[in-house]
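As structure tokens, the structure follows; a few thoughts come after it.
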Amino acid sequence: MHRATSPSSKSPSPTRKDRGTMERPLPVYSDFSHMSGAGGVGTVKFVVGLREDNPDAIIARVFPLTKIVPGEVKEKKAKPKPKKVVVEDKTCQRADCAARKEKLANMKDENKGLRMKVKAIEGKVDTVRNKIALNEKSILLAEEKNDTLNGQIEESQTKIVTMTADVEKAESFNRLLYVCLLYGLGVWELYHTHITHINVC
């Protein structure tokens, strides 16, 4: 037995238009650079619109990147200015508070004077340091001069020793010459006496 089926249970048969849409594979694009430029998407939309009733939905489904969704413009909110903290000047009316305030004012005045004295002392210390540095430089220059003079003195002493030795050698040579001269004179006198004696004879 065949079961009777109600007309409502049967699925509606697809129309010719629906069958054409289901049978045609939708194009797949991995790069949308060819769609850039004026009229790129518009041309495709025009072609799709010749066959389909809702080309915008199909274009949005196939080319989701071509759908421009405007973003929300957020209003810039100015940062709230920090509230100024108002410090209330609560004056103490007690006698000990007044005495402390007076003592504090006196200490501030003393501190000012001490700070000025410290600055003056620091200036004097800097002056003394500069003088010490100059004195050290002068001492170094004097030591260098002393070293130079000591070198000159040692050189002069060496020359004196050398000259003394030369003088002693010269004196010894002179004494030898004097002896030789005396010997020569004696020989000459003997010779002269001998010649005279011969002439007399």
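For what it's worth, the numbering used here labels the leading residue of the sequence shown as 148, then goes sequentially.
By construction, the Cβ of each residue, glycine as well, lies at the ideal position given by its N, Cα and C atoms.
All values reported here derive from a predicted model rather than from experimental measurement.
Helix or strand or just coil, what does DSSP make of residue i?
i           : result
residue 241 : coil
residue 198 : coil
residue 257 : helix
residue 210 : coil
residue 345 : helix
residue 319 : helix
residue 168 : Because residue 168 carries a pLDDT of 48, less than 50, the predicted location of this residue cannot be relied on, and the following value inherits that uncertainty. Helix at residue 168.
residue 326 : helix
residue 143 : Shown here, the chain extends from 148 to 348; a query on residue 143 therefore has no answer.
residue 232 : coil
residue 204 : helix
residue 105 : Here the chain has residues from 148 to 348 only, and residue 105 is not among them.
Using 8 Å as the threshold, is the C-beta distance between residue i and residue j below it?
i           : j           : result
residue 206 : residue 194 : no
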